[in-house]
Amino acid sequence: MGVVVGALALASVLFSPHAATAGPGASLSSAVLASASAPNHRAALSLGRTLFDENCSSCHGVSAQGSALGPNLRGLGAGTVDLWVSSGWMPLANPAIQPIRKPALFDRAQTTSIAQYVASLAPGGLPIPKVDLAGANSAEGFSVFALNCAPCHTVTGAGDALADGLSAPSLHGVTATQVAEAVRTGPGNMPRFSTFTISPTQLTDVVDYVTKHIEHPSSPGGLSLGGVGPVAEGFVGLFVGVGVCVLIALWIGDRNEREDTDGHGDAHSPPGGEPPSGSEPEVAHA
Amino acid sequence: MIDKLFGWVDDRLALSRSGRHLINKIFPDHWSFMIGEIALYSFIVLLLTGVFLTLYFVPSGSDVVYHGVYAPLRGQRISEAYNSTVNLSFQVRGGLLMRQMHHWAANIFVGSIVVHMLRVFFTGAFRRPREANWMIGTTLLILAIFNGFLGYSLPDDLISGTGIRIAFSITESIPFVGTYLGFFLFGGQYPGTAIIPRFFILHVLVLPLVILGLLAGHLGMLVKHKHAQFPGRGARNDNVVGSPLWPTYAAKAGGFFFLTTGVTALLGAAVQINPIWQYGQYYPYKVSYAVQPDWYMGFLDGALRVMPAWELHLPGHMIPNVFFPAILLPGITFTLLMLYPFIEAKLTGDVAEHHLLDRPRDRPVRTAFGVATFAFYFVLFGASATDVLANYLSLTLNFVLWAFRIMAIVVPFIVFAVTYKLCKELQQTPSAGKRQQFNLILRSADGGYTTVPAEQYPGYDQPELAPVDVEKVELTADAAQQDGDEGVYEIPRRYR
Chain C
11 MGVVVGALAL ASVLFSPHAA TAGPGASLSS AVLASASAPN HRAALSLGRT LFDENCSSCH
71 GVSAQGSALG PNLRGLGAGT VDLWVSSGWM PLANPAIQPI RKPALFDRAQ TTSIAQYVAS
131 LAPGGLPIPK VDLAGANSAE GFSVFALNCA PCHTVTGAGD ALADGLSAPS LHGVTATQVA
191 EAVRTGPGNM PRFSTFTISP TQLTDVVDYV TKHIEHPSSP GGLSLGGVGP VAEGFVGLFV
251 GVGVCVLIAL WIGDRNERED TDGHGDAHSP PGGEPPSGSE PEVAHA
Chain E
29 MIDKLFGWVD DRLALSRSGR HLINKIFPDH WSFMIGEIAL YSFIVLLLTG VFLTLYFVPS
89 GSDVVYHGVY APLRGQRISE AYNSTVNLSF QVRGGLLMRQ MHHWAANIFV GSIVVHMLRV
149 FFTGAFRRPR EANWMIGTTL LILAIFNGFL GYSLPDDLIS GTGIRIAFSI TESIPFVGTY
209 LGFFLFGGQY PGTAIIPRFF ILHVLVLPLV ILGLLAGHLG MLVKHKHAQF PGRGARNDNV
269 VGSPLWPTYA AKAGGFFFLT TGVTALLGAA VQINPIWQYG QYYPYKVSYA VQPDWYMGFL
329 DGALRVMPAW ELHLPGHMIP NVFFPAILLP GITFTLLMLY PFIEAKLTGD VAEHHLLDRP
389 RDRPVRTAFG VATFAFYFVL FGASATDVLA NYLSLTLNFV LWAFRIMAIV VPFIVFAVTY
449 KLCKELQQTP SAGKRQQFNL ILRSADGGYT TVPAEQYPGY DQPELAPVDV EKVELTADAA
509 QQDGDEGVYE IPRRYR
């Protein structure tokens, strides 16, 4: 089923009618996509250059033109670079597998300066988006998320394995900026969602839904079991539910009413297993 | 006064005679005989919590706009079924607890039926004269699974909707009649609006009634046949040794009912199950990844996943791939399960009456076959989580899928061989499975130590089952003697 659902999921992403995602919440939200302004632009650029040369040029080339070890970054824009560096994907640890989230190597200012440096090399691409969640409509965000993102990231955002060793990562722990960057740039195997598919207001709604409700799901029912659905629930049902009941059966099943005939204490059952019982002669006595 | 009333009623209905008979029913003292009770008690919990749920659930697929307390849904168009389930969870006092208890109880219900059947299978309790009761039990299992699926589908959320979608495709895949059947069940083209009310009436009325009826038959036959029992301790093929229903067994069973309910309530209160508000309303164009059915449908889902993409092209008709894992496999499974007592009798030629149970090790072939079959379904069950496993173990999905394909074929054979060998070894080891003997360490006056085996209880001189040679178990064919009112009860002295 997983593979089938995956295929369906892709299809629904690719062929979803744009109308289906435009909703009533559009007038409420305001996403501002603007280039982050650095007070000291020149200093930031030179810091970015130093950091890039030290950490990235070995794979992406000295002027980010790409090499055998890493793709061309020119013209990508600060938003893409910011996402890949802030999520810890870059610098790449293991080129053989899909980049995995790890603690970011650089702080906020360093990341921004690298991003600005790479963006300054060639025009184009997405600047680092500024997301303003005031007035966002999380219901619209939920709807957009279920339609466009759940097919890969699952509806609870727990993430899941996709075909061919790829996986859609868990969305627990992403920042608002990263969500906006991911949606607009489409990292790795994730599709890029243009403003035709997800309007700027809808983007704000989705970011709101992800950062508020995916990352902090409301679980009034108790332990949430990782949000992976019936598989985990089944294990709990079988091993805790049935298991404990069977242990109880073990506990009371062999208990016997023991008459205190010979004055040796009252009813206590043997430690587990078989019951104390009448031997052949005792039964025959009946 | 009360005595008089009882006397009056008794005069008319003669209850006390049959009542006394029932009260004296003997239950063998073995814990494994109580597993079936877990199923019975969780069924009672299901009925009670289920009645509560029907008070608030609206079985309708029509649209409403959500205005409840859960912000991410507010303003969305959702079905009345989904709307009422979310409201039931958030706005009805105790509603979520009841919903979660109901769902956990369903998981425990089916699970305990399976464990109970394993016990019956491995001890050979299905043999004559209990074949019919085995078949009733199998039917109960099928109905329980089916009703669980129906109930799971009722909230009309994203995940269960996907399940209904798959169920529709499975129905359609039945050769020749599938399409008609699908349209008949769904009242037209998928998804339509008829399916929720139809599932509802099946789930809350028809199937529970059938289950209740069969359950009554199941227990009635149990009383009629009397319990099978393990050999030893004076138990013979023509008697029943154990505790009487009243007062001993009633106390045990009553306590067990409350404990089972307690476990269900604890789970319902502390562990979240099926948080449908996180899933959203089902729409056919919305799909989530990592969608699984409840565990008891897992082997079907797993079979669907591991099945290679084969189709059968007959002249003028194509049998779709889905048919083999989703219709043929469960069809064969449950038919064989149903007929197993007769199949075994045919193969062994043993058609005698059995009231003494086998120890699994004494029937190595049956035990190994059972464990291997179980392992096969367990692998399929595991295969329903291919994506989750791939994700958590950082393996590729394709690798996990192929691993399960190979395991589904190889594991049963390995398991058969290992189980068979284990049984044979155990037969050679009379001390296996026995409780350790208590020892007394004595210190003599001059400081020397000696160890002597201790008596566990005063007068408790035969604590263990004596190993029996199955070939030599006496078979008494005359059931007539047992059926009479004066059945041979061996009531241990201390109960009189």
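From first to last, the protein sequence lines are chains C and E. Numbered per this note's numbering, the first sequence spans residues 11 to 296. Numbered per this note's numbering, the second sequence spans residues 29 to 524. Note that the Cβ used here is the ideal one computed from N, Cα and C, for glycine as well.
Taking residue 84 of chain C as the centre and dropping the five residues before and after it, the same chain places the C-beta of 74, 75, 131, 132 closer than 7 Å to its C-beta, in chain order. For residue 236 of chain E, the uninterrupted alpha helix (DSSP H) run begins and ends at 235 to 253, by DSSP. The CB of residue 59 of chain E comes closer than 7 Å to the CB of 259, 260, 263, 264 in chain C, given here in chain order. Buried is the label assigned to residue 136 of chain C, since at least 16 other Cβ atoms lie within 10 Å of its Cβ.
The alpha carbon of residue 199 of chain C has as its nearest neighbour, out of C:115, C:255, C:171, the alpha carbon of C:171. Non-local beta-carbon contacts of residue 219 of chain C in its own chain, meaning distances under 6 Å to residues more than five positions away in sequence, involve 148, 151, 152, 155 in chain order. The C-alpha of residue 57 of chain E lies about 21 Å from the C-alpha of residue 162 of chain E. Among the residues facing chain C, residue 280 of chain E is included, as its CB has a counterpart in that chain under 8 Å away.
Nearest to residue 93 of chain C by C-alpha distance, out of C:210, C:125, C:239, is C:125. Within the segment 134 to 148 of chain E, the residues whose Cβ lies closer than 7 Å to any Cβ of chain C are, in chain order, 135, 136, 139, 140, 143. Within chain C, the residues whose beta carbon sits less than 8 Å from that of residue 62 of chain E are 259, 262, 263, listed in sequence order.
E:284 is the residue among E:426, E:284, E:278, E:270 whose C-alpha sits nearest the C-alpha of residue 258 of chain C. Secondary structure at residue 80 of chain C: strand, using DSSP grouped into helix, strand and coil. Within the same chain, Cβ atoms closer than 7 Å to the Cβ of residue 414 of chain E are found at 333, 425, 428, 429, 432, the five residues on either side in sequence being excluded. When 8 Å is used as the limit between beta carbons, residue 256 of chain E is near no residue of chain C, the shortest such separation being about 15 Å. The Cβ atoms of residue 111 of chain E and residue 92 of chain E lie closer than 8 Å to each other.
By the 16-neighbour rule on beta-carbons within 10 angstroms, residue 145 of chain E is buried. Taking the beta carbon of residue 220 of chain E as reference, no residue of chain C falls within 8 Å; the closest one sits roughly 20 Å away. Within chain C, not a single residue places a beta-carbon under 8 Å from that of residue 467 of chain E; the smallest gap is close to 14 Å. Within chain C, 231 have C-beta atoms less than 7 Å from the C-beta of residue 128 of chain E, given in sequence order. As the crow flies, the alpha-carbon of residue 218 of chain E is around 16 Å from that of residue 315 of chain E. Across the segment 294 to 310 of chain E, CB contacts with chain C closer than 9 Å involve 294, 295, 296, 297, 298, 299, 300, 301, 302, 303, 305, 306, 307, 308, 309, in sequence order along the chain. One finds 99, 100, 306 in chain E with Cβ atoms closer than 9 Å to the Cβ of residue 223 of chain C, taken in chain order. Residue 36 of chain E sits exposed, since fewer than 16 C-beta atoms from the chains shown fall within 10 Å of its C-beta. Residues of chain E whose Cβ lies closer than 9 Å to the Cβ of residue 143 of chain C do not exist; the shortest such Cβ separation is about 13 Å. Every beta strand (DSSP E) stretch that sits fully inside the segment 292 to 371 of chain E and reaches 3 residues is listed by chain position as 340 to 342, 345 to 347. In the structure shown, the three-state DSSP call for residue 471 of chain E is strand. Within the model, the alpha-carbon separation for residue 223 of chain E versus residue 246 of chain E is close to 31 Å. Restricted to the segment 115 to 172 of chain E, the alpha helix (DSSP H) segments that are unbroken, complete and at least 4 residues in length are 123 to 150, listed in chain order.
The residue from E:210, E:174, E:376 with its alpha-carbon nearest to that of residue 234 of chain E is E:174. For secondary structure counted as the beta strand (DSSP E) over 3 or more consecutive residues, the segment 64 to 117 of chain E holds these complete runs in sequence order: 91 to 93, 105 to 107. For the 8 Å CB-CB criterion, residue 399 of chain E and residue 457 of chain E do not form a contact. DSSP places residue 477 of chain E in the uninterrupted beta strand (DSSP E) bounded by 477 to 481.
What residue 369 of chain E touches in chain C, judged by beta-carbon distance under 9 Å, is nothing: the nearest beta carbon there is about 24 Å away.
Taking C-beta atoms as the reference points, residue 233 of chain C and residue 299 of chain E count as a pair closer than 8 Å.
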